[in-house]
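**Q** Counting with this note's numbering, you get residues 164 to 642 for the letters of the first sequence.
No residue lacks a Cβ here, since even glycine has one placed at the ideal position from N, Cα and C.
Submitted below is the structure of interest, expressed as structure tokens.
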Amino acid sequence: MKAITRFAPSPTGYIHIGNVRSAIYPYLVARQTGGKMILRIEDTDRERYVEGATELIEDTLRWLGLDWDEGPIVGGPSEPYFQSERREIYLKWVQKLLDSGRAYADPTPPEKIDEYRRKCNEEKVPFLYRNFRPENPPKWEPGIPIRFKAEPKEYSWHDAVMGDMHTGPEVLDDIILIKRDGYPTYNFAHIVDDAEMGVTHVMRGVEYLSSTPNYLALYEAFGLERPILISLPHILAPQGNKKLGKRDGAKSVTEYRDDGVLPEAMLNYLACLGWNDGTEQEIYTKDELIKSFSIDRIQNSGARYDETKLLWLNGQWIRRIFDEQGARALYDRTVNFWPEVAASYSEEYRVKVLSIIYDRLKTMSDLKTMTEYFFVDPDIDINMLVENKFLKKLSEAEIEELLKMSINELSEPKEWNPESLQEKLNDLLAKTGRKPAELFSLIRIAISFAPFSPALNLTMDVLGRETTLARLNAVARSI
RNA sequence: GGUCUCGUAGUAUAACGGUUAGUACAUCGGGUUUUCAUCCCGACAACGCGGGUUCGACUCCCGCCGAGAUCACCA
């Protein structure tokens, strides 16, 4: 079955990891079945509307590689894809309900409604608006809200994640269809749009599960076939038992991009948070996800967001791209992440640096702090040498002597490549009688003054003979 | 409070009546000529509680406890 799915965000801000999954899963289902993915902007709440949010949403989806077949930019047969531009359509649909007596104009002032609600709360009875229906609703005219006229009864339905559901008549109420300002509510608009756009799979957060009976009533009133309903459990914040939201500091998806997380890793992590295919596979490409995804294996309990695992996956992806696509391909992903001092160096040089450092990266932004000494001479910090756990046993004279021997050995006019350098280092080990821990630590710190760096021979190779010797000499002089 | 949902190690999960309850992240140890990381090896660590059903229950049923969602002219 070709699935027509949709992602229907409201443009009230950025997309964060707590809610992007409701874009990923519909996308996977659409692609797996050769169906269609629709992007629809639900901008009926003018108060919460945020300028530029739509672009942010589009940007996020594109970065993750989630393209849509219908929606803003690409258009489609059900244009427009902004609910604010579809008001005539909703009015047309609501008229059918008005005509059939399944909806009514409700002139009751908000204060009066609040009063009803308060009364119910005091009496500890559930507040149901249908018990307060106005007796003689006026003919509808703009400026008056329209409500659905609920018929209290039981509903049963199947939720692809939650299973068989059943509710009693007490959950059905006269929900608002059209607001005072003329815009439709989500409750109404999404039903109309899904029907007009031919949506077959409705995937959304579990928070909509409770209102599903009201949607069912609406489908029924319109004589519409129910789509497949799929509730997605929440992603929980790292602390506490709350769903991850902006208030818990949920970062936007694009913020991770700016911090050097790869879209492959992000997609991989998010898709596997609350879903698995039953195998022990951890790393999935987008195509593999499309292939193995299945709705019935979506977890039905909330999943806690764990950034550590995301970063681990990111490291896996960094290595995978390097191994499978080469240094150049990985380099192309790093352009914005180098320290400023790298700007004056050639791409070729940066690729070399990347080639020996990539397996230490958790995110691309690690490049900033991990590669500086490849581009600028580090500040000499004698304490770092003297206090090193292997070097503190040596006297300054011994250190100086070792340094001199190293300089001599490395000055010999022979080839300068990783293999010959390793030979030299081994010779030095033999000549000085020192342990690797001592000799290598000394040279490593003297040429980098960094807390860590790649293998010594590789580092020296990339740095070049001239720079390596210059740095060793500078250190020797300042002891 | 009503209605609904959920409950395997710290985290994400596997199991679908019979396993020493598997895997990954994290943590802790060890190995790979220095560091950090990669990689490899190892360790720690879980079926919320109580009743049933059954020869046998993480798996089925009931109760309890715990957690969450919802009860808007927000989505």
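#1: Out of curiosity, what's the CA-to-CA distance linking Y378 and E388?
#2: Just how far apart, CA to CA, sit L545 and T497?
#3: Mapping DSSP to helix, strand and coil, what is M164?
#4: Could you pull out every residue in the same chain whose Cβ sits closer than 6 Å to the Cβ of P707, ignoring the five residues on either side in sequence?
#5: Per the contact definition of three or more C-beta pairs closer than 8 Å, is the region 468-480 in contact with the region 328-340?
#6: Could you give the uninterrupted runs of the alpha helix (DSSP H) lying entirely in the region 426-475, keeping only those of 4 residues or more?
#7: In the DSSP assignment, find the alpha helix (DSSP H) that holds W303 and state where it starts and stops.
#8: What three-state label does DSSP hand V365 in the structure shown?
#9: What would DSSP say about K577, mapped onto helix, strand or coil?
#10: Between which two residues does the beta strand (DSSP E) containing K199 stretch?
#11: Please state if the CB of P172 and the CB of E218 are separated by a distance shorter than 8 Å.
#12: Between the C-alpha atoms of N284 and T207, what's the straight-line distance to the nearest angstrom?
#13: For I562, which beta-bridge partners are listed by DSSP?
#14: Report buried or exposed for Q258, applying the criterion of at least 16 other Cβ atoms within 10 angstroms of its Cβ.
#15: Are the region 500-509 and the region 426-436 touching by the rule of at least three beta carbon pairs closer than 8 Å?
#16: For G478, name the three-state secondary structure that DSSP assigns.
#17: According to DSSP, which residues form a beta bridge with T330?
#18: Judging by CA-CA distance, which residue of W438, A166, A639 and D322 is the nearest neighbour of L566?
#19: Does the region 225-239 come within contact of the region 315-330, defined as at least 3 CB pairs closer than 8 Å?
#20: Tell me the residue span of the alpha helix (DSSP H) that contains F385.
#21: Beta-carbon separation of R482 and Y521 under 8 Å?
#22: How would you call S574, buried or exposed, if buried means at least 16 neighbouring beta carbons within 10 angstroms?
#23: Buried or exposed, going by whether 16 or more other CB atoms sit within 10 Å of the CB of E427?
#24: Grab the span of the beta strand (DSSP E) containing R513 for me, first residue to last.
#25: Which stretch, first to last residue, makes up the beta strand (DSSP E) that contains I393?
#26: Relative to the C-alpha of S507, which residue among R293, S583, R467 and F537 is closest?
#27: Using alpha carbons as the reference points, say which of A384, E248, Q479 and V369 lies closest to R209.
#28: Starting from A266, trace the beta strand (DSSP E) in both directions and tell me its first and last residue.
#29: Below 8 Å on the Cβ atoms is my contact criterion, and I expect D357 with P390 to pass it. Report the Cβ-Cβ distance as a whole number of Å.
#30: Can you list, in chain order, the residues of its chain with a C-beta nearer than 6 Å to that of E510? Leave out the 5 residues immediately preceding and following it.
**A** Taking the structure as given:
#1: Along the first sequence, read from residue 1 onward, the residue named residue 378 stands at position 215. Along the first sequence, read from residue 1 onward, the residue named residue 388 stands at position 225. Distance between the alpha carbons of Y378 and E388: 12 Å.
#2: Stepping through the first sequence from its first residue, residue 545 is reached at position 382. Stepping through the first sequence from its first residue, residue 497 is reached at position 334. With the sequence shown as reference, residue 545 is identified as Ile, and Leu is not the correct amino acid for it. One C-alpha to the other measures close to 33 Å.
#3: For this step, residue 164 is matched to residue 1 along the first sequence. Coil, per DSSP.
#4: Since the first residue of the chain shown is 164 and the last is 642, residue 707 is not available in this structure.
#5: no
#6: 426-434 and 449-455
#7: Working through the first sequence from its first residue, we reach residue 303 at position 140. It is not in any alpha helix (DSSP H) - W303 carries neither H nor E in the DSSP assignment.
#8: Locating residue 365 in the first sequence gives position 202, counting from the first residue. In this structure, V365 counts as strand in the three-state DSSP scheme.
#9: Reading the first sequence from its first residue, position 414 is the one you call residue 577. Here K577 sits in coil by DSSP.
#10: Residue 199 sits at position 36 when you count from the first residue of the first sequence. K199 to L202 is the extent of the beta strand (DSSP E) around K199.
#11: As a position in the first sequence, residue 218 is number 55, starting the count at 1. As a position in the first sequence, residue 172 is number 9, starting the count at 1. Not in contact: E218 and P172 (Cβ atoms no closer than 8 Å).
#12: As a first step, residue 284 must be located in the first sequence, where it is residue number 121. As a first step, residue 207 must be located in the first sequence, where it is residue number 44. Going from the Cα of N284 to the Cα of T207 covers about 29 Å.
#13: Here residue 562 is taken as the residue at index 399 of the first sequence, counted from 1. The partner list for I562 (beta bridge, DSSP) is empty, contrary to what the question assumes.
#14: By one-based count along the first sequence, residue 258 stands at place 95. It counts as exposed.
#15: no
#16: Numbered from 1 along the first sequence, position 315 holds the residue referred to as residue 478. In the structure shown, G478 sits in a helix (DSSP, three-state: H, G or I).
#17: Translated into the one-based positions of the first sequence, residue 330 becomes position 167. BP columns for T330 point to Y318.
#18: Counting from one through the first sequence, the residue named residue 566 turns up at place 403. Selected option, being the one with the closest Cα: A639.
#19: no
#20: Position 222 of the first sequence, counting from 1, holds the residue named residue 385. Per DSSP, F385 belongs to the alpha helix (DSSP H) from T375 to F385.
#21: To locate residue 482, count along the first sequence from 1; it is residue 319. To locate residue 521, count along the first sequence from 1; it is residue 358. Against a cut-off of 8 Å, the Cβ pair of Y521 and R482 comes out as a contact.
#22: The residue you call residue 574 lines up with position 411 of the first sequence. By the 10 Å Cβ count, S574 comes out exposed.
#23: Along the first sequence, read from residue 1 onward, the residue named residue 427 stands at position 264. Burial call: buried.
#24: Indexing the first sequence from 1 puts residue 513 at position 350. Run containing R513: none in the beta strand (DSSP E); it sits in the alpha helix (DSSP H), E510 to I520.
#25: In the first sequence, counting from the first residue as 1, residue 393 sits at position 230. Element bounds for I393: I391 to L395.
#26: Taking the first residue of the first sequence as position 1, residue 507 is located at position 344. When only C-alpha atoms are compared, the closest one is F537.
#27: Within the first sequence, numbered from 1, the residue matching residue 209 stands at position 46. That would be E248, whose Cα lies nearest to the Cα of R209.
#28: Within the first sequence, residue 266 is the residue found at index 103, counting from 1. Counting along the chain, the beta strand (DSSP E) containing A266 begins and ends at A266 to A268.
#29: If you number the first sequence from 1, residue 357 lands on position 194. If you number the first sequence from 1, residue 390 lands on position 227. Yes, they are in contact, since the Cβ atoms of D357 and P390 sit about 6 Å apart, within 8 Å.
#30: Translated into positions along the first sequence, residue 510 becomes position 347. The answer is none, since no qualifying residue turns up.
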